[in-house]
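Trainee: Just dropping this structure here.
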Amino acid sequence: MRIGIYGGTFNPPHLGHMAAARDAARALKLDRLILIPDNTPPHKQLPQNSATAEQRLEMTRILADRLSSRETRFEASDIELRREGRSYSAHTLTQLREQYPQEELWLLMGTDMFLTLHQWYRPDIICKCANIAAFGREKGDEARFSEQKEKMEREYGAKVEIISLPGLVEGSSTQLRQALSEGRGEDLLEQSVYGYILRKGLYGVNKDLTRLSLPELRAASYSMVKAKRLPHIRGTEEEAALLARRWGADEEDARKAAILHDCTKYWTLEEQLQYCEKYGILLDHAERNMLPLLHAKTGAGVARQVYGMPEHICDAIFWHTTGKADMTLLEKILYIADYAEPTRSYDWCARLRELVLEDLDAAVLYGLNVTIRHNQGRHNPIHSRTLEARDFLLRQGVRDVCPLETEFH
180 MRIGIYGGTF NPPHLGHMAA ARDAARALKL DRLILIPDNT PPHKQLPQNS
230 ATAEQRLEMT RILADRLSSR ETRFEASDIE LRREGRSYSA HTLTQLREQY
280 PQEELWLLMG TDMFLTLHQW YRPDIICKCA NIAAFGREKG DEARFSEQKE
330 KMEREYGAKV EIISLPGLVE GSSTQLRQAL SEGRGEDLLE QSVYGYILRK
380 GLYGVNKDLT RLSLPELRAA SYSMVKAKRL PHIRGTEEEA ALLARRWGAD
430 EEDARKAAIL HDCTKYWTLE EQLQYCEKYG ILLDHAERNM LPLLHAKTGA
480 GVARQVYGMP EHICDAIFWH TTGKADMTLL EKILYIADYA EPTRSYDWCA
530 RLRELVLEDL DAAVLYGLNV TIRHNQGRHN PIHSRTLEAR DFLLRQGVRD
580 VCPLETEFH
């Protein structure tokens, strides 16, 4: 296995880090790439307006999650944050070599780092534990890199690979932090990393979270979930906006509800229950024991308490998993958008997408029937609110388009 190691303060991790990591992983055909935030870097002091070590690690985890692909698994490591004192690469690589004795390790570094590598603490240990991959960005780098490459090979027995990354800009974190404090710089950050900075108020970014624009709200919400969830959230937003236009609801309200509807999806059961207790969210017995239902309750709480959403938006989020009797227009739209969004590939989705443009209530009833049939087939409990929602629509004389048996196979 080929494992890349990419260290830095990541204060914050930005698009320059992202591009370098992705391109290096591709060039070296890495199976894994480990991003390692420094605890105390040996070559500089962290400025006073820095994020904490834990915050830098969390931002790096977000970036790693956004980078992971079929070819390369990216991950963030706290190996240096757990070790007291200055973060020397020689110590880190020794530890990683012990952890991965048979793997091919590659230490990634930019121009300035590579050209001063011989001045680092114990370059002999560094070169013994890992191969060196240096990023070259400009034509002028080639001659300087060649000279340093020969020096490291001659004096330390290093194996050095020069990776040409034309156009790569290793952005200045110092300049980025300054830009963020002045209300700029978000274009130099991955969207979810910027969302984390927004939520935590880092680097002088002191936005009122109850007055975020739609792009800012997306960034903040996206920073709370895994990358694999984002296509669904984006799809639900676009479907909710389409249905709002079709059925006369407020499109911006529909977008906000969809953006936030899964924001607590990755909270543990303990976190979900703690939040409900903190904010007085009442749960029935079924909800206390069904983790897939709880994110709707806590998501509504976060929408209200953190982002200042009005009650009708919070209610739409609150009921988007179970439904309820006598749903409002926005509640129906979010409930169905969550089912009908484009990334859903179940057989019954095609019928639902056609039906929802003809008859919204019939589509909601269809979605409820799908939920009931699905849980019955798996011998799972069915929430009472879902049964009440179905029965209410049937009493209203809503057209009952039952899911076909073949659609569940």
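So this note's numbering is basically just the index in the sequence shown, starting at one, shifted up by 179. For every residue, glycine included, the Cβ atom is placed at its ideal position computed from N, Cα and C.
#1: Tell me which same chain residues have a C-beta within less than 8 angstroms of the C-beta of Glu-466, skipping the five on either side of it?
#2: With DSSP run on the structure shown, which of helix, strand or coil describes Glu-233?
#3: Which partner residues does Ser-268 have in the DSSP bridge list?
#4: What ranges does the alpha helix (DSSP H) occupy inside the segment 406-472, keeping only unbroken runs of at least 4 residues that lie completely in it?
#5: Under 8 angstroms Cβ to Cβ from Glu-277, same chain only, skipping five residues before and after it: list those, please.
#6: DSSP state of Pro-282, grouped into three classes?
#7: At the level of alpha carbons, what is the spacing between Asp-217 and Leu-388?
#8: Would you say the segment 483-494 touches the segment 408-415, given that touching needs at least three Cβ pairs under 8 angstroms?
#9: Over the uninterrupted alpha helix (DSSP H) stretch that includes Glu-530, give me the two end residues.
#10: By how many angstroms is the C-alpha of Ala-516 removed from the C-alpha of Leu-422?
#11: Give me the Cα-Cα distance between Glu-254 and Arg-356, rounded to the nearest whole angstrom.
#12: Check this for me: beta carbons of Thr-219 and Arg-262, under 7 angstroms apart or not?
#13: Does the separation of the CB atoms of Val-543 and Trp-527 fall below 7 angstroms?
#14: Determine the direct distance from the alpha carbon of Gly-187 to that of Asn-554, and round the result to whole angstroms.
#15: Which ranges would you report for the alpha helix (DSSP H) in the segment 486-534 if only whole runs of at least 4 residues count?
#16: Sorted by chain position, which residues of the same chain lie with C-beta nearer than 6 angstroms to Phe-189's C-beta, five sequence neighbours on each side aside?
#17: If I measure Cβ to Cβ from His-588 and keep anything under 7 angstroms in the same chain, skipping five residues before and after, which residues do I get?
#18: Relative to the C-alpha of Gln-518, which candidate in Arg-424, Gly-195, Leu-547 has its C-alpha closest?
#19: Roughly how many angstroms lie between the CA atoms of Thr-585 and Arg-211, to the nearest whole one?
#20: Assign Leu-573 to buried or exposed, taking buried as 16 or more other Cβ atoms, counted over all protein chains shown, within 10 Å of its Cβ.
#21: Whose C-alpha, out of Glu-533, Gln-327, Lys-511, Arg-578, is nearest the C-alpha of Asp-291?
#22: With a 10 Å radius around its C-beta and 16 neighbouring C-beta atoms as the bar for buried, classify Ala-322 as buried or exposed.
#23: With DSSP as the reference, label His-588 as helix, strand or coil.
#24: Could you tell me whether the segment 501-517 touches the segment 556-570, where touching means 3 or more Cβ pairs closer than 8 angstroms?
#25: Spatial neighbours of Ser-229 within its chain, please: C-beta separation below 6 angstroms, excluding the five flanking residues on both sides.
#26: Leaving out five residues before and five after Ser-400 in sequence, what residues of the same chain have Cβ atoms less than 6 angstroms from its Cβ?
#27: Measure from the alpha carbon of Arg-181 to the alpha carbon of each residue in Ala-398, Glu-283, Arg-483, then state which is nearest.
Mentor: Let me lay it out:
#1: Leu-472, Leu-473, Lys-476, His-562
#2: helix
#3: None; Ser-268 has no bridge partner.
#4: 409-426, 430-439, 448-457, 464-467
#5: none
#6: Pro is not the amino acid found at residue 282; the sequence shown has Glu there. Glu-282: coil per DSSP, three-state reduction.
#7: 30 angstroms
#8: no
#9: Glu is not the amino acid found at residue 530; the sequence shown has Arg there. Segment 528-537, the alpha helix (DSSP H) holding Arg-530.
#10: Using only the alpha carbons, I get a separation of about 8 angstroms.
#11: The C-alpha of Arg-356 is placed about 24 angstroms away from the C-alpha of Glu-254.
#12: no
#13: no
#14: 48 angstroms
#15: 490-497, 508-519
#16: Pro-216, Arg-235, Thr-239
#17: Its pLDDT being 45, under 50, His-588 is placed unreliably by the model, and the measurement read from it follows with that caveat. For His-588, where only same-chain residues beyond five positions count, there are no Cβ hits under 7 angstroms.
#18: Strictly speaking, residue 518 in this sequence is Tyr, with Gln absent from that position. The shortest Cα separation from Tyr-518 among Arg-424, Gly-195, Leu-547 belongs to Leu-547.
#19: In this predicted model, Thr-585 has a pLDDT of only 48, less than 50, meaning its place in the structure is not dependable; the value taken from the coordinates is given anyway. One C-alpha to the other measures close to 41 angstroms.
#20: exposed
#21: Gln-327
#22: Result: exposed.
#23: Only weak support exists for where His-588 lies, its pLDDT of 45 falling under 50; the value from the coordinates is given anyway. His-588: coil per DSSP, three-state reduction.
#24: yes
#25: Asn-190
#26: Ile-438, Leu-439, Cys-442
#27: Glu-283
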